[in-house]
Amino acid sequence: MMNRTGTDIQIAICGSAGDGTIASGDILKRAAALMGFNVIAFDVYPPEIRGFGKCISRVRISSQQSYSLKQNSDVLISLNDTHAIPHVGEVRDFGAVIYDDNLIANVPEGGHISGHIHPAQIPYGFSIRQISEQATNSARSRNIVILGYLAELFDLPREHFRKIIRDKFATKPRAVTDDNIKAFNAGLLAGSGVFKLDDVVVQKVDAKGNGADAEMMTGNGAVARGFMEAGIQCYFGYPITPATSIMERLAVEMPPAGGKFLQTEDEISAIAAAIGAGYAGTRAATATSGPGLALMAEMLGLGVMAEVPVVVVVSQRGGPSTGLPTKTEQSDLNLAVFGGSGDAQRIVLAPTNVEGCYRCAGRAFEIAETYQTPVIVLIDLYLSNRYETVIPSAHKQFAAKPRVPLAPNGDGAFKRFELTENNISPRAIPGEEGLMHTVTGLEHNELGRPNDAIHMDMNTKRHEKLKPAVNFPGLTVSKRFGDEGKVKVGILGWGSTFGEILETMYEAQAEGISCAAMKVVMLSPLPVESIAAFFADCDEILVPEVNYEGQFANIVCGALGKPVSRLNQTNGAPMAVADILAEVRRLSGKKPKTGQSDTFTEAAL
Amino acid sequence: MNEHVEPVYLEEKLEEIRADGHQGYRSKSLPTWCPGCGYYSMAEGLTFALRRLEIAYKDVVVVSGIGCASRFPFFFKTYGFHTLHGRVLPVATGVKIANDALTVVAVGGDGDAFAIGGGHIPHAARRNIDMTYLVFDNGIYGLTKGQTSPTSAVGFKTSSTPYENSDVPLNPLMMLLSYGASWVGQAYAGHQHDLADMITQAMSHKGFSFLRILSPCVTFDKTDNTYANLNLHVHDLPQDHDTSNLMAAMQAASQTDKPALGVYFKDDRPTLAQAMNATATRASGTG
Amino acid sequence: MASPIHHVIIGSGSAGFGAAKTLRAADQNCRVTMITMDSLPFYQRYALPQIFRGRQDWRELLEVPPAKYDELDIKLRRRTRVVEVDGSNQIISLAHQETVAYDRLLVCTGGRSYLPENLTSQVDLIHSFGSYEAAMQVFKDLPKGGSVIMIGGDMIGIDLALTLLDSGYKVTLIANQQTFWPHDLTAKQQKPLLKALEAKGMIVFSDSRPIGVSDKCTNSATRCVTLEDTTEVLGDVVLSFCGLSPAVEFMLGADVDIERGILVNPELRTSNETIWAAGDVCQIWHDTEKTYKFYHGWKNVRMMGELAARNMLGGHDIFDVNVEDQIGVEPDGQLKSTFWTH
């Protein structure tokens, strides 16, 4: 286990669709954020849209920055034993399992969760349903009763829960809020006499006073938030898991803010319209997943060729083809970086956490406008759907600067694609006087007229202009963590996996392994110099990725000409810290360690 | 009679045209179409319409796909976007949504429109985006040197249908009428003045206007859509054709052997921009 | 292949855990399930006074580490109350509406602390010491150096009292006939023993019966016990240690003979062929005395558990060794017992 000081607990709430599992987790995570804890949360929905599938909401509450969910939860709350029983094993030794011990219907032998709790885990049974019914005349408030119980058991500030409950039901009739508060209070009462046997500790002093500033966001919510703060003017989208909620958020927020939002007939038209709107001088974007990106590849090439600023968010899921729509993966890197015809380099940013989603999305327009090219923000399902606390106020700096049109060019020979010193050409937009020109996906001369002879010069221009992007102000392009100087093992990572990489690095350090980690946020153009410096410091380099082919490792090896060790998994789940740690230990020459139970010493009675 | 004709010098002629101002909309790039191509009269028609409607060059964006017809934007001194094969409408949609003050003209051929781009037409039509879509329909792929297109006739021989085309051609007018286009018309490249007038009418319409322009491909089609054949078959819609009657429009559109020219259908309904403004009002809670 | 035989043990104390280990050692294939109302895995109740010697972490009180249950493949179901045993259909009903079928059942639920009848109405004011949680509550509610009023004072109680005295707390004992239970002593026999306790620093009342407990006390004390002779005994915590009464209610419909405890033959089998009982919950037929007898003390209890397990597997061992605890006063005036190690 990692030696973190202060509070660091993970609570998993498991139920069936319709039990209010996700709503319960939502209140918990928001309340914890309001208390001032760092929160990371991830909900798992059933693959079926409706029905009685399994829902799990996992919420990690920490006083220090955490980077991923924990492998083992400290607390499991069951709202449905059938679904929760397979997850009892994820509760750590001396953690808690909370469940209903007063059912109305008979269950077959083995059907109740109490029979599955390991002797090292602590059972907390109470009459969840009955208490809910007594409080609100309905079993539907079980999901709130458990929050009261939890607040009492782990001594979490009650007033924060009540505030979030009131906020959540603010738009509903008053009675709904009242019932939920009643259910919460009933849960508190149920928990009040309970002797606490687990060693799950919440230290309230860890809750910082920044609760009011911190907001809970998903990666997708953070993307939408970044877009809004950047003053997005046009959004075109087509529904696709797991990117849809970006579109849904913007559909709500853009119209009252004067933005233009349109659901298009497919992904091709989504990016085509975004390119049209980018060409017309607005901040325009779309978001999709891998299959949609595959359809967009040709249009991306047009954006590169016609030098049109546009922002494309890609949330990856399992592939190829329709693949695993509800499972996370990092296998669209090749497509994002290389997809399309010809030498079509574009800028690809891959944030590693929710705050990164917010910053990359917010900054993407400025980058696209600066380099007059498409910018892809590459995330994945794990990042799209997980919640983290973000303090947005510190970063309100994404707004566009007022556009100053160029002087009219009277002779009608505006050089839209002029070869300049920094390879960035003057740009005019429709409606601006005396700068009329035509842009095209054909290779063209400085005026934008079709021309094959100039191809080499123009290819050079389009690639060279992007090189300074690795030094773009206000953007973390790559960053090193962990031990300074020479280290035994360096872990190089990108995207959502970097959370698990950082957790691994801290655990490896705690075991005495000299270890460092580097995240690469800009995947194209690649910050080769900083990666090379990192490589020079590391005896061994490990590149863990949730894809089969080691797509990032391939890119890095190609760019640096050095071999790396790879760790590739495609299990439909984020990579486990334990798996990365095992590789780090192997590379460091350290013997594997046994499991958690060996910390227990037999009582000498 | 060997009457002496004064030679016409191109530069002098151009001077004369420039002085007139008519050609101000045209860029320095001269069209690259084959001599005799119907598209010349279309370029002329658009020039005429823009001048007639007194739209500033800077406020016009000509968007095109890929194909002979799609070369259009290069020949105009307006803003232009030569996009991808089949994608003229979605790009034009983005331009128009981004800046409603712009006059957006979408241009393409029959392959660009009805084959690869066919999926976009219904949506541009039903949304009633305020733009004009000019489809130059010559029933053949000219830029790739003569293959069959979605509007080629059954029995037509091309390099890709050496044993004759067997696919029934689409009926673009019928499609657009059923897609909910708010202005549907048909013109013929051989009737240059009428064509210019039809383009002007299409552009005057507030909403999505679709004008199909019948044109010969003088290089790759020597048998079907020739000036001679088209001249024989085209005729004007009856004087009493009711442009507000969708069924009458469909009836007329179904007469494919004798294509009628004119405005088939016209409907004044809210444009996409108006709908978006209404949405914004509702969203702001001020409606 | 027949499904493996399912042994269910209700109770997870010395007898239950001893039986489970014995079953597993003898049969690698059988299923062994233990059902207990406790929240914790097996720990020695007798070790609970250790809490006052700094061992508050329950993990330090456990008899075996939790992983031992995995190793022995024993399924331990905690916080689980048995409401009914259907002895003819061999089905156990649990309070949370689950049923468990068994092939052989061993009942070793022990006894629960007995409270004098005239005090039952004040049960909320009397602390319990029957579980780790209860003991920890005492630990929390008792201020450092505070004062405990002990009613009765059976051997577990005396053990706690001596520990408390050692650790700087004050103890007042209100002695009665259960004092030194399970030793059945007359008032005369008790006298030297009580004297030895007084020598240790304990305040002893032995002539008057407690008639009421209150939390409305005259001074800063949080509890006072009124005696028949109107004496008011003040303290912080009141505990009752008046011996154990067998916990058998759930067995009433199980088709087994019950007197005070579950009646078993010397092989520890009940009147039902598939049910055995062991420990403080059972009364064993004594062939010469022609009566069913209780045998207390953890050594007896553990022996019974192991013996019952052997017989559940087809053995015919007889319970015939009663290891009785000894108690007395040493020449130096110290109280000595084989029960504890003070």
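Chains as they are written, first to last, in the working numbering: chain A, 1 to 605; chain B, 1001 to 1287; chain C, 2001 to 2342. C-beta: ideal position from N, C-alpha, C; glycine also.
A residue is called buried when at least 16 other Cβ atoms come within 10 angstroms of its Cβ; E152 (chain A) meets this threshold and is buried. CA-CA distance, A277 (chain A) to R586 (chain A), rounds to 52 Å. Using a 10 angstroms sphere on the CB of D452 (chain A), the tally of other CB atoms stays under 16, which defines it as exposed. In the structure shown, E2117 (chain C) adopts helical secondary structure according to DSSP, grouped into three states. Under the three-state reduction of DSSP output, Y238 (chain A) falls in the coil class, being neither helix nor strand. If one requires a minimum length of 3 residues, the beta strand (DSSP E) runs lying completely within the stretch 13-78 of chain A are 38-44, 54-62, 73-78, in chain order.
By the neighbour-count definition (other C-beta atoms within 10 Å, threshold 16), I104 (chain A) is an exposed residue. For V375 (chain A), the closest Cβ of chain B is not nearer than 8 Å.
Nothing from the stretch 27-56 of chain A brings a Cβ to less than 7 Å from some Cβ of chain B. Under the 8 Å criterion on CB atoms, V546 (chain A) is classed as non-interfacial with respect to chain C. Within chain A, L197 have C-beta atoms less than 8 Å from the C-beta of W2058 (chain C), given in sequence order. When B:G1180, B:I1017, B:P1150, B:T1078 are compared, the shortest CA-CA separation from H437 (chain A) is found for B:T1078. Shown here for R2302 (chain C): same chain residues with a beta carbon closer than 8 Å to its own, the five before and five after excluded, namely S2014, A2015, G2018 in chain order. Per DSSP, the beta-bridge partners of M2150 (chain C) are C:L2173, C:L2239. Between the stretch 1044-1057 of chain B and the stretch 1186-1197 of chain B there are three or more inter-stretch CB-CB distances shorter than 8 Å, so the stretches are counted as touching. The three-state secondary structure of C1034 (chain B), taken from DSSP, is coil.
Each of A:S132, A:T218, A:A214 was checked against the Cα of A183 (chain A), and the nearest Cα belongs to A:S132. Distance between P2192 (chain C) and G2168 (chain C), taken at the CA atoms: about 24 Å.
Remark: fewer than three beta-carbon pairs, one from each stretch, lie closer than 8 Å, so the stretch 504-516 of chain A and the stretch 315-332 of chain A are not flagged as touching. Closest in C-alpha terms to E2198 (chain C), from the list C:L2162, C:P2143, C:F2241, comes C:L2162.
Shortest Cα-Cα distance from F2250 (chain C) to any of C:D2086, C:Q2050, C:Q2283, C:A2020 involves C:D2086. Apart from sequence neighbours up to five positions away, the residues of its chain that approach G550 (chain A) with a beta-carbon distance below 7 Å are V543, R566, N568, ordered along the chain. A residue is called buried once 16 or more other Cβ atoms fall within 10 Å of its Cβ, and V2083 (chain C), having fewer, is exposed. Short of 6 Å from the beta carbon of G226 (chain A), and not among the five residues preceding or following it, lie these beta carbons of its own chain, in chain order: Y358, A361, G362. With the criterion set as a beta carbon lying under 8 Å from some beta carbon of chain B, the members of the stretch 249-260 of chain A are V252, P255, P256, G258, K260, in sequence order. Annotated three-state conformation of A2134 (chain C) is helix, per DSSP. Chain-ordered listing is empty here: chain A has no CB closer than 7 Å to the CB of R1018 (chain B), the nearest sitting near 12 Å.
Contact fails between the stretch 2125-2138 of chain C and the stretch 2017-2035 of chain C, because fewer than three Cβ pairs, one in each stretch, are under 8 Å apart. CA-to-CA, the gap between D380 (chain A) and V546 (chain A) works out to about 10 Å.
Closer than 8 Å to the CB of R1087 (chain B) there is at least one CB belonging to chain A. At a cut-off of 8 Å between beta carbons, A2002 (chain C) makes no contact with chain A. Collapsing the DSSP output to three states places Y387 (chain A) in a strand.
It is roughly 25 Å from the alpha-carbon of I376 (chain A) to the alpha-carbon of S1064 (chain B). Look at the stretch 432-497 of chain A and you find these whole runs of beta strand (DSSP E), each 3 residues long or longer: 438-440, 478-482, 487-493. Taking 8 Å as the upper bound on Cβ-Cβ separation, chain B lies near residues Q233, C234, F236 of the stretch 227-238 of chain A. Only those residues of the stretch 262-282 of chain A whose C-beta falls short of 9 Å from the nearest C-beta of chain B are listed: L262, T264, E265, D266, I268, S269, A270, I271, A272, A273, A274, I275, G276, A277, G278, Y279, A280, G281, T282.
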